[in-house]
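Participant: Numbering-wise (the numbering used here), the sequence shown opens with residue 1144 and increments by one.
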Amino acid sequence: PDGFTVWMMGAGVKGGMSYGATDEFGRRAVQDVATVYDFYATVLHLLGLDHERLTYYHNGTNRRLTDVHGHVISEVLA
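1) R1181: buried (16+ other C-beta within 10 angstroms of its C-beta) or exposed?
2) Distance check for T1209 and R1170, CA to CA, integer angstroms please.
3) Excluding five sequence neighbours on each side, which residues of the same chain lie with their C-beta closer than 6 angstroms to the C-beta of R1207?
4) Between which residues of its own chain and D1175 is the CB-CB distance below 8 angstroms, once the five residues before and five after are set aside?
5) Along the chain, where does the alpha helix (DSSP H) containing T1185 start, and where does it finish?
6) Mind reading off the beta-carbon distance from G1213 to H1201? Whole number of angstroms is fine, and I expect it under 8 angstroms.
7) Out of H1188, T1204, L1192, V1211, state which residue places its alpha-carbon closest to the alpha-carbon of V1156.
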């Protein structure tokens, strides 16, 4: 996946750390790759919601915001 930057503060997030790394151009994630689904799952966890049970109805089926790929990134949690 492509690399992206997110600043998270407070609310159960470890302070003063970075997670993952990109290539020399900052384009591709090369270490501890996290998807946007992982980010969603982590934020929902911090809000006290179970991302695997949170669904919305779309085109006749229930779907998850984190799809089937999202996992909580426990390394960033305090």
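All residues carry an ideal CB built from backbone N, CA and C; glycine is no exception.
Facilitator: In short:
1) The residue given as residue 1181 occupies position 38 in the sequence shown. Per the sequence shown, the amino acid found at residue 1181 is Asp instead of Arg. It is buried - the Cβ of D1181 has at least 16 other Cβ atoms within 10 Å.
2) Residue numbering aside, residue 1170 sits at position 27 when the sequence shown is read from its first letter. Residue numbering aside, residue 1209 sits at position 66 when the sequence shown is read from its first letter. C-alpha separation (whole angstroms): 23 angstroms.
3) What you label residue 1207 is simply residue 64 of the sequence shown in a count that begins at 1. Cβ neighbours of R1207 beyond the five flanking positions: T1198.
4) Here residue 1175 refers to the residue found at position 32 when the sequence shown is read from its first residue. Contacts found: Y1162, G1163, A1164, E1218.
5) For the purposes of this step, residue 1185 is taken as the residue at position 42 of the sequence shown. T1185 -> alpha helix (DSSP H) spans 1179-1189.
6) The count along the sequence shown starts at 1 and reaches residue 1213 at position 70. The count along the sequence shown starts at 1 and reaches residue 1201 at position 58. That belief does not hold up - the Cβ atoms of G1213 and H1201 are roughly 17 angstroms apart, past 8 angstroms.
7) Taking the first residue of the sequence shown as position 1, residue 1156 is located at position 13. When each option's Cα is compared against that of V1156, the closest is H1188.
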